[in-house]
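*Asks:* Just so you know, we're using UniProt numbering here: the sequence shown kicks off at 1 and counts up by one.
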Amino acid sequence: MTAPTARDSGALRRRLAAELAAARARTRALTHDVFAGDDPDFTRQHSPLMSPFHWDLAHIANMEDYWLVRRGAPDSDLVAGVREDVDHLYDAFTNPRAGRSALPLLDPAEARVYGDRVREKALEHLEAGSFDERRTLAEGFVFSMIVQHEQQHVETMLATHQLRAGTPVLHADPPPPAVVAGLAGTEVFHPGAEFLMGTSSEAAALDNEKPAHPVRVDDFWLDAAPVTNAEYARFVDAGGYRDRSLWSEAGWDHITAEGWTAPMTWEHVDGRWHRTSFGERQAIDDVGDQPVLHVCFHEAAVYAAWAGKRLPTEVEWEFAARHDHATGTTRRFPWGDEDPTPERANLDQRHLQPAPVGAYPAGASPLGVHQLVGDVWEWCDSGFEGYPGFEPFPYKEYSEVFFGGDFRMLRGSSFGVGTPNARTTFRNWDLPIRRQIFSGFRCARSA
Ligand SMILES: [Fe+2]
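(1) Are at least three pairs of beta-carbons, each pair with one atom in the region 375 to 387 and one in the region 395 to 411, less than 8 Å apart?
(2) Going by DSSP in three states, residue 330 sits in which element: helix, strand or coil?
(3) Within 10 Å of its beta-carbon, does residue 269 have 16 or more other beta-carbons around it, so buried, or fewer, so exposed?
(4) Answer yes or no: do residue 129 and residue 74 have a C-beta to C-beta separation smaller than 9 Å?
(5) Rounded to a whole number of angstroms, what is the C-alpha to C-alpha distance between residue 185 and residue 230?
(6) Residue 105 and residue 89 look like a contact to me (Cβ under 8 Å); what is the Cβ gap, rounded to whole Å?
(7) Are the region 28 to 41 and the region 166 to 179 touching, with three or more C-beta to C-beta distances below 8 Å?
(8) Which residues mark the beginning and the end of the beta strand (DSSP E) in which residue 189 is found?
(9) Under 8 Å: does the beta carbon of residue 159 sit that close to some heavy atom of ligand 1?
(10) With a threshold of 8 Å, establish whether the CB of residue 125 neighbours any heavy atom of ligand 1.
(11) Hey, would you say the C-beta of residue 204 is under 8 Å away from at least one heavy atom of ligand 1?
(12) Between which two residues does the beta strand (DSSP E) containing residue 223 stretch?
(13) Between the region 148 to 164 and the region 415 to 422, do at least 3 Cβ pairs fall closer than 8 Å?
(14) Counting only runs of 4+ residues fully inside the UniProt domain "DinB-like" (20 to 157), write out the alpha helix (DSSP H) ranges in chain order.
(15) With H, G and I counted as helix, E and B as strand and the rest as coil, what does DSSP make of residue 3?
(16) Does ligand 1 have a heavy atom nearer than 8 Å to the CB of residue 149?
(17) In this structure, what does DSSP give as the bridge partners for residue 421?
(18) Quick one: grab the DSSP three-state call for residue 253.
(19) Run through the DSSP bridge pairs and tell me what residue 291 is partnered with.
(20) Measuring CB to CB, does residue 433 end up less than 9 Å from residue 296?
(21) Please go through the same chain and pick out, in chain order, the residues whose beta-carbon is closer than 6 Å to the beta-carbon of residue 251, but skip the five residues on each side of it.
(22) Using a threshold of 9 Å, state whether the C-beta atoms of residue 180 and residue 290 are closer than that.
(23) Taking 6 Å as the limit between beta carbons, can you name the residues of its chain near residue 119, skipping five residues before and five after?
(24) Tell me whether the beta-carbon of residue 41 lies closer than 9 Å to the beta-carbon of residue 164.
(25) Could you have a look at residue 400 and say whether DSSP puts it in helix, strand or coil?
(26) Would you kindly work out how many angstroms separate the C-alpha atoms of residue 101 and residue 328, rounded to a whole number?
(27) Would you say the beta carbon of residue 145 is closer than 8 Å to some non-hydrogen atom of ligand 1?
(28) Between residue 99 and residue 12, how many whole angstroms is the CB-CB distance? I'm expecting something under 8 Å.
(29) According to DSSP, simplified to helix, strand and coil, what is residue 370?
(30) Measure the C-alpha to C-alpha separation of residue 37 and residue 14 and round it to an integer number of angstroms.
(31) With DSSP as the reference, please indicate the residues paired to residue 214 in a beta bridge.
(32) Where does residue 439 sit, in a helix, a strand or coil, going by DSSP?
(33) So which of 81, 109 and 43 has the shortest CA-CA distance to residue 103?
(34) Could you give the C-beta distance for residue 190 and residue 237, rounded to a whole number, given that I count them as a contact under 8 Å?
(35) Locate the beta strand (DSSP E) running through residue 444, then write down its first and last residues.
(36) Quick one: is residue 225 buried, meaning 16 or more other Cβ sit within 10 Å of its Cβ, or exposed?
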């Protein structure tokens, strides 16, 4: 990476400051803007899978303290942090989620003060910084990494809101309607080619997205849109959750033990399927053309098999999202190289739910694959491994310690993902039984 010129540095600083501010506005919208400091919902453990909100809040501050205050100062490798005394409480590795509410955490007001003080110092460092030869600072990387970290926790807090019982507190405009009809279940042929996967040039890319490397992709078919609620309801009603022969042993054992008979939040009431979206019950018939949400990898894989298809691999997914068949080059997004806009993708919790398939024709790939970015994370049938030439950076706990585990990949990004994180090279991973995340899928088929 080369250091930007002085004029570019000014523009880069302004962009990073705006991204830090946008991430913080989203954080507040899910915490202090909706809960009074003494509201028990602020500090309650809403699910053993999730942290209490005030843990996320101070963890966001602590991560920023570590990277931007202590290690982000101009011309100095290490300066004193704002609160090194709380590091042990907000270490995600030593404190599993289910036990976090029992820790002597900062209360919501203290967490907010901590976050504000850290942000003040981080902005001083950003303003005075030279994006010098230290690799963490080149092209503002570590500032961008902290923007993305906060945005990832915003999405996690949004998932906690989804699991929270009680009066709804989040509201948003409905998503735009479909303008392209008839996409559900249709397939797009992708002629095989050699393809440059991953990236060596995106300044914001995290270690597991790098480096760019050639892969050979065979011919395949990919669904033009994610599988919808209406399609998935037909699978449920056809007995998909009762037919043992469709399921892997691990998948069957899990749905049996958990008593799952439909996606998370679905209930059969008065003869119709309903879902609950941030505390509001909605009839599935009314959101039938939206991508199905809150399914685990096993559910996605079984649906695909039932439909005579399979899940795409991670390579196929990225090929569909980036390969330009006309020029043989790899692009940043399905629509080209420009960043996502509200016309191209459903991001930033603008609508608090996925949009109907066909709502974003401006975001489609040249071959006609829709909604690869935004709406729902898409399960892929690939494990988590480093690309050839992988180097851990800036710390091995970001990715490397997860390689080779029992994880499946998710690509794309959901309606809850922040725009700075919505890269088509971004690799998300989770256990195949998890579905509290904003996960859906589309199907593929070998040609
Ligand atoms: Fe974190």
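Where is the CB? At the ideal position from N, CA and C, for every residue including glycine.
*Replies:* On the basis of the coordinates in this document:
(1) Yes: the two stretches touch, three or more of their Cβ pairs being nearer than 8 Å.
(2) Residue state for residue 330 is assigned as strand, using DSSP reduced to three classes.
(3) Label assigned to residue 269: exposed.
(4) In this structure, residue 74 lies closer than 9 Å to residue 129 by Cβ.
(5) Each residue's alpha carbon lies about 11 Å from the other.
(6) The Cβ separation is near 6 Å, so the contact holds.
(7) The region 28 to 41 is in contact with the region 166 to 179.
(8) Going by DSSP, residue 189 is part of the beta strand (DSSP E) stretching over 187 to 190.
(9) No, the Cβ of residue 159 stays beyond 8 Å of every heavy atom of ligand 1.
(10) False, no ligand heavy atom lies under 8 Å from that Cβ.
(11) No; taking the cut-off as 8 Å, the Cβ of residue 204 has no heavy atom of ligand 1 nearer than that.
(12) Taken as a continuous stretch (DSSP letters only), the beta strand (DSSP E) holding residue 223 covers 220 to 223.
(13) At 8 Å Cβ cutoff, the stretches touch.
(14) Within the UniProt domain "DinB-like" (20 to 157), the complete alpha helix (DSSP H) segments at least 4 residues long are 40 to 43, 53 to 64 and 108 to 128, listed from N- to C-terminus.
(15) Residue confidence is low: residue 3 scores 45 on pLDDT, short of 50, so the model does not pin down where it sits. Its coordinate-derived value is still stated next. The answer is coil: DSSP assigns residue 3 none of H, G, I, E or B.
(16) It does: the Cβ of residue 149 is within 8 Å (strictly closer) of some heavy atom of ligand 1.
(17) Per DSSP, residue 421 has no beta bridge partner at all.
(18) In the three-state reduction of the DSSP assignment, residue 253 falls in the helix class.
(19) Among the bridge pairs identified by DSSP, residue 291 is matched with 228.
(20) In contact: residue 433 and residue 296 (Cβ atoms closer than 9 Å).
(21) So the list reads 298, once near-sequence residues are dropped.
(22) In this structure, residue 290 does not lie closer than 9 Å to residue 180 by Cβ.
(23) Nothing listed; no residue qualifies.
(24) Using a Cβ distance threshold of 9 Å, residue 41 and residue 164 count as a contacting pair.
(25) The three-state secondary structure of residue 400, taken from DSSP, is helix.
(26) Spanning the two alpha carbons is a distance of roughly 52 Å.
(27) Flag unset: Cβ of residue 145 not near ligand 1.
(28) Not confirmed; about 40 Å, so no contact.
(29) Residue 370 falls in the coil class under three-state DSSP.
(30) Taking the Cα positions, residue 37 is about 32 Å away from residue 14.
(31) As computed with DSSP, residue 214 is found in a beta bridge with 196.
(32) The answer is strand: DSSP assigns residue 439 an E or B state.
(33) Looking only at 81, 109 and 43, the smallest Cα-Cα distance to residue 103 is reached by 43.
(34) Between residue 190 and residue 237, the beta carbon gap of about 31 Å keeps them out of contact (Cβ cut-off 8 Å).
(35) Its beta strand (DSSP E) spans residues 444 to 446.
(36) Counting Cβ neighbours within 10 Å, residue 225 comes out buried, since at least 16 surround it.
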